[in-house]
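Scroll down for the structure; my scribbles are underneath it.
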Amino acid sequence: MSSMARSGRLRPTGMVGTAVAFLAAMVVLQACSAPGGGATPDDAEPGAVSTDLGSAPVTLRMHVNADQRDYMAELAAAFKQEHPTVTIEITAEPPEVLQQNVPRILAAENKNPPDLLRLPTMGDAAKNRLVLNLDRYAELYKWGEIPASQFTQLRVSSDGREKGTGSLYGVGLGFGVVGLYYNKKIAQELGFTQPPATLADLEAMLAKAKSSGKTAMIGAGNSSFLFQLLWLAHAGPQPISEWTLGAPDATIDSPEAVRAAETVRRWAQKGYFPADHLAIDETAAVGRFAKGEALAYVNGNWFAAMLDKQLPGQVGFIPFPLVAMDGRRTAMSAPLTYAIPARSTHHDAAAAFLNWALTSSQARRITIKSAGIVPGGVADQPAAEVAPGTALYDTLTAFQQISRSDGLVAFLGDASEGILAGTLAPQTQLLVSGRVSPEDYVRKIQADYQRDLGR
Amino acid sequence: MTLQQWQGPATHRAGRAGFSPLNARPGRPRRRRVRPQLAGWLWMAPALTAYGLFVLYPLSQTVRYSLYDWDGVGSAVFIGLDNYAAVFSEPELYSAIVHAFELIVFFSFVPTVTGLVLAAILRELSTGAGATLVRTLLFLPQAIPLAAAAIAWTWLYANNGLINQVLREVGLGRLARPWLAEFDTALPAVGVIGSWLAVGFATVLFLAGIGKTDPSLYEAARLDGAGRVREFLAVTLPALRQEIVVCVTVTVIWALASFDIIYVSTRGGPGYQTMVPGVAIVLQAFTAHEVGLASALAVVLLVMVLCVALPLQRLGRPE
Chain A
15 MSSMARSGRL RPTGMVGTAV AFLAAMVVLQ ACSAPGGGAT PDDAEPGAVS TDLGSAPVTL
75 RMHVNADQRD YMAELAAAFK QEHPTVTIEI TAEPPEVLQQ NVPRILAAEN KNPPDLLRLP
135 TMGDAAKNRL VLNLDRYAEL YKWGEIPASQ FTQLRVSSDG REKGTGSLYG VGLGFGVVGL
195 YYNKKIAQEL GFTQPPATLA DLEAMLAKAK SSGKTAMIGA GNSSFLFQLL WLAHAGPQPI
255 SEWTLGAPDA TIDSPEAVRA AETVRRWAQK GYFPADHLAI DETAAVGRFA KGEALAYVNG
315 NWFAAMLDKQ LPGQVGFIPF PLVAMDGRRT AMSAPLTYAI PARSTHHDAA AAFLNWALTS
375 SQARRITIKS AGIVPGGVAD QPAAEVAPGT ALYDTLTAFQ QISRSDGLVA FLGDASEGIL
435 AGTLAPQTQL LVSGRVSPED YVRKIQADYQ RDLGR
Chain B
116 MTLQQWQGPA THRAGRAGFS PLNARPGRPR RRRVRPQLAG WLWMAPALTA YGLFVLYPLS
176 QTVRYSLYDW DGVGSAVFIG LDNYAAVFSE PELYSAIVHA FELIVFFSFV PTVTGLVLAA
236 ILRELSTGAG ATLVRTLLFL PQAIPLAAAA IAWTWLYANN GLINQVLREV GLGRLARPWL
296 AEFDTALPAV GVIGSWLAVG FATVLFLAGI GKTDPSLYEA ARLDGAGRVR EFLAVTLPAL
356 RQEIVVCVTV TVIWALASFD IIYVSTRGGP GYQTMVPGVA IVLQAFTAHE VGLASALAVV
416 LLVMVLCVAL PLQRLGRPE
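Chains as they are written, first to last, in this note's numbering: chain A, 15 to 469; chain B, 116 to 434.
So, in structure tokens, the structure goes:
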């Protein structure tokens with residue numbers, strides 16, 4: 015508080031004094047009333063719900079991330095062919111701009127709110143009742159037949175603190191899934207004809223690559239993907255799922271997580287990552303893997319189509335290997351989530367679009383071809399024809415394997431709004447550079463997690 | 116109602132409300148008493164309104180938010196000074212304040228000293244195309260958008276960037292490293308970007324100061340047998356007192372309130388190594404949605420800037 019105390023000694027004279035007095039008066043006047051909260055509707059449940067779109071023309075306004083504009087435009091055009099009365103108007107913004115403005119877009123008392131919105135996490139928006147409760151539509155459209163795990167991350171308890179339980183607030187049109195990309199050509203040069211089956215196999219491959227003068231593994235220096243996959247490999251999906259969804263008493267401060275952090279640090283110390291590991295961001299990492307620089311690369315299926323184009327036939331993708339080979343697979347996965355703002359006046363049409371995008375085979379084909387991710391919906395619905403031997407084909411197979419063993423978990427970075435940029439990224443940089451011990455790494459993540467969730 | 120009648124009570128009210136009692140002197144026409152005051156406020160009204168609306172009001176809101184635990188949209192909980200306690204107890208947050216003070220060396224001290232030396236040298240070259248060219252080049256960083264400059268610098272600092280290429284070419288490859296990504300070099304590296312930016316500003320400011328100094332002072336110094344160093348210490352430095360204060364004030368504020376360069380080049384990393392209050396405020400407010408905590412940090416930053424800038428202003432006043 016030293017600088018606060020020092021400010022007390024400034025003699026308020028002239029303009030400064032007037033400004034200080036004015037400020038103090040304003041603060042005193044306002045301090046008794048809390049900011050915010052006034053715009054919150056009481057109930058975010060739709061009144062009547064219907065599958066009938068009527069005959070009057072409807073224009074749905076949709077806010078999407080800029081990188082999904084083409085995908086959504088294709089979906090919108092296909093939807094209009096089936097439902098000519100519904101026009102979808104797309105506003106695309108850079109992801110960080112959209113996500114920073116979401117609270118304001120949702121809360122603004124304007125007369126023309128969007129009807130559909132890309133929203134990565136539901137927590138605060140659901141708690142503040144700014145997005146529509148979709149339970150009645152789930153019943154109407156029989157979404158109960160779709161594997162429940164696809165909706166887990168979109169359920170929020172009524173106090174907004176816990177995910178995975180409570181009402182449904184969004185729909186995932188497609189799924190991202192993280193796994194291990196490997197360069198088949200480098201693997202063959204090193205004498206490996208099969209992808210690694212266990213964690214020990216993978217470690218042997220990395221060691222061989224290093225001793226042969228290759229870059230064993232590439233990834234962003236601040237990415238916690240590898241740590242989370244290793245935690246999954248040691249602990250299985252249950253504790254990670256509970257932690258990411260904010261279950262009461264969930265903790266990352268466990269022996270398995272410490273072992274995962276130890277492994278990350280060991281791999282860094284053994285030189286499996288490039289010398290400038292800390293300087294590499296996601297764009298640089300995928301770019302250098304696409305140039306054939308490294309044997310292994312941990313990231314999501316959303317890069318598969320691009321890697322197939324850059325290194326045709328050379329890139330494989332598998333679910334990250336576990337400690338033991340028992341056939342179970344697990345990985346983090348995030349739905350490409352869309353929600354209906356509570357103020358939308360066209361929620362029947364918006365829900366009809368979401369249901370169509372989830373279940374129609376044409377929409378599912380567009381999801382694979384245009385977005386390069388796995389479509390949601392019922393597991394045995396026909397997927398688009400994709401050539402075997404490509405990374406894209408591998409990602410679809412991997413998602414099925416993981417989905418079947420019920421191994422889909424959310425990302426550590428989605429556990430709270432601040433944890434990715436505020437904790438995971440800087441702490442992982444400290445871990446790989448040996449400046450924080452594996453024990454302190456998980457302890458700090460747990461402490462910040464509890465602070466973020468107000469525990 | 117006549118003009119006189121209308122103005123009578125108004126004068127009375129104004130007098131009671133604390134307007135200057137000097138105007139109440141008897142024996143002068145009544146309407147003269149109000150006009151200068153009223154006109155003054157009228158002329159200031161547009162600027163005062165804008166200042167109140169866009170500076171004082173948001174400022175008071177920031178102070179108000181800083182007393183709450185608030186996500187920016189939902190309902191807020193009053194928590195008193197807890198946010199301020201967090202600013203000074205959480206290592207990630209108070210280390211940001213420490214980094215801001217470390218940056219003063221690069222943003223303020225280095226450019227001021229370099230600027231003084233450059234200005235003294237340029238004074239002697241003051242005629243000719245060469246001097247104009249040097250002045251333009253030095254001032255150029257001021258004309259480049261900060262974000263663009265920061266991106267260019269990240270390329271220079273990259274592992275295969277120009278700086279490392281040069282080091283490898285001249286046989287100093289051992290020194291080559293990703294400057295912005297290594298824990299020990301990241302803060303000095305962003306500091307150098309700040310120095311690059313501020314040197315031109317300082318030099319041009321000092322050149323202007325030298326330009327308005329009486330040339331006879333330099334002649335007198337020369338006649339008295341002063342060398343270049345003596346001349347600099349005895350004439351240039353005292354003459355530039357006010358410019359130096361302006362330069363130090365402005366650049367210290369750049370250092371304490373730095374944001375663009377760091378947000379673009381490192382985002383506060385690696386670890387928390389280059390985190391400064393400006394970046395921390397944005398991350399807390401717009402990524403973590405901790406509007407209360409971000410506001411408290413902003414208030415602390417404001418107080419820090421005032422504590423440094425106001426005493427400096429006092430130094431600048433002529434005795």
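Don't be surprised by glycine CBs; every beta carbon is placed ideally from N, CA and C. Model, not experiment: these values are computed from the prediction.
Quick check: the Cα distance between residue i and residue j, rounded to an integer number of angstroms?
i: Asn275(B); j: Arg289(B); result: 14 Å
i: Gly391(A); j: Glu176(A); result: 24 Å
i: Pro349(A); j: Leu171(B); result: 43 Å
i: Gln113(A); j: Asp362(A); result: 25 Å
i: Val225(B); j: Tyr333(B); result: 26 Å
i: Asp454(A); j: Pro49(A); result: 37 Å
i: Ala486(A); j: Lys199(A); result: Residue 486(A) lies beyond the residue range present for chain A, which begins at 15 and ends at 469; the question has no answer from this structure.
i: Leu408(B); j: Leu398(B); result: 11 Å
i: Leu312(B); j: Ala121(A); result: 40 Å
i: Tyr209(B); j: Gly195(B); result: 19 Å
i: Pro389(A); j: Ile368(B); result: 52 Å
i: Glu107(A); j: Val360(B); result: 44 Å
i: Val178(B); j: Ala429(A); result: 29 Å
i: Glu159(A); j: Gly188(A); result: 17 Å
i: Ala341(B); j: Tyr272(B); result: 43 Å
i: Phe203(B); j: Ala403(B); result: 19 Å
i: Thr409(A); j: Ala318(A); result: 7 Å
i: Ala80(A); j: Arg118(A); result: 19 Å
Taking 8 Å as the limit between beta carbons, can you name the residues of its chain near residue i, skipping five residues before and five after?
i: Ala262(B); result: Asp375 and Val379
i: Ser181(A); result: Ala140, Asn147, Leu148, Asp149, Arg169, Val170 and Ser172
i: Phe93(A); result: Val100, Ile102, Phe367, Trp370, Ala371 and Ala377
Following the continuous beta strand (DSSP E) through residue i, name the residue where it begins and the one where it ends.
i: Ala310(A); result: Ala308 to Gly314
i: Gly332(A); result: One detail in the question is off: residue 332(A) reads as Ile in this sequence, not Gly. Element bounds for Ile332(A): Val329 to Ile332.
i: Ala230(A); result: Thr229 to Ile232
i: Val145(A); result: Counting along the chain, Val145(A) falls outside any beta strand (DSSP E), and DSSP gives it neither H nor E.
i: Tyr195(A); result: Val185 to Asn197
i: Gln155(A); result: A small correction: the amino acid at residue 155(A) is Tyr; Gln does not occupy that position in the sequence shown. No beta strand (DSSP E) contains Tyr155(A), which DSSP labels as neither H nor E.
i: Pro349(A); result: Ala345 to Ala353
i: Thr101(A); result: Val100 to Glu107
Please classify residue i as buried or exposed, where buried requires at least 16 other C-beta atoms within 10 Å of its C-beta.
i: Leu168(B); result: exposed
i: Trp3(A); result: This structure cannot speak to residue 3(A), because chain A is shown only from 15 to 469.
i: Asn126(A); result: exposed
i: Trp157(A); result: buried
i: Asp466(A); result: buried
i: Met159(B); result: exposed
i: Asp339(B); result: exposed
i: Asp186(B); result: buried
i: Leu244(A); result: buried
Grouping DSSP H, G and I as helix and E and B as strand, with all else coil, what is residue i?
i: Met219(A); result: helix
i: Lys177(A); result: strand
i: Glu59(A); result: coil
i: Arg75(A); result: strand
i: Ser238(A); result: coil
i: Arg356(B); result: helix
i: Tyr183(B); result: strand
i: Arg132(A); result: strand
i: Phe321(B); result: helix
i: Asn271(B); result: Strictly speaking, residue 271(B) in this sequence is Leu, with Asn absent from that position. Three-state result, Leu271(B): helix.
i: Asn394(B); result: The question names Asn, but residue 394(B) in the sequence shown is Val. Here Val394(B) sits in helix by DSSP.
i: Pro389(A); result: strand
Using a Cβ-Cβ cutoff of less than 6 Å, which residues in the same chain neighbour residue i once the five nearest sequence positions on both sides are dropped?
i: Leu336(A); result: Ala247
i: Leu355(B); result: Phe321 and Gly324
i: Phe413(A); result: Val191 and Val388
Which stretch, first to last residue, makes up the alpha helix (DSSP H) that contains residue i?
i: Gly384(B); result: Run containing Gly384(B): none; DSSP gives neither H nor E here.
i: Phe222(B); result: From DSSP, Phe222(B) is part of no alpha helix (DSSP H); its letter is neither H nor E.
i: Val300(A); result: Glu296 to Ala304
i: Glu334(B); result: Pro330 to Leu338
Is residue i near the ligand MG, in the sense that its beta carbon is under 7 Å from a heavy atom of that ligand?
i: Leu426(A); result: Inclusion of the ligand MG in the displayed structure is not the case, the ligand content being empty and no account of it being possible.
* To do: Anything in the segment 182–198 of chain B with a Cβ closer than 7 Å to a Cβ of chain C? List those residues in chain order, please.
  => The chain inventory of the structure shown lacks chain C, comprising the protein chains A and B.
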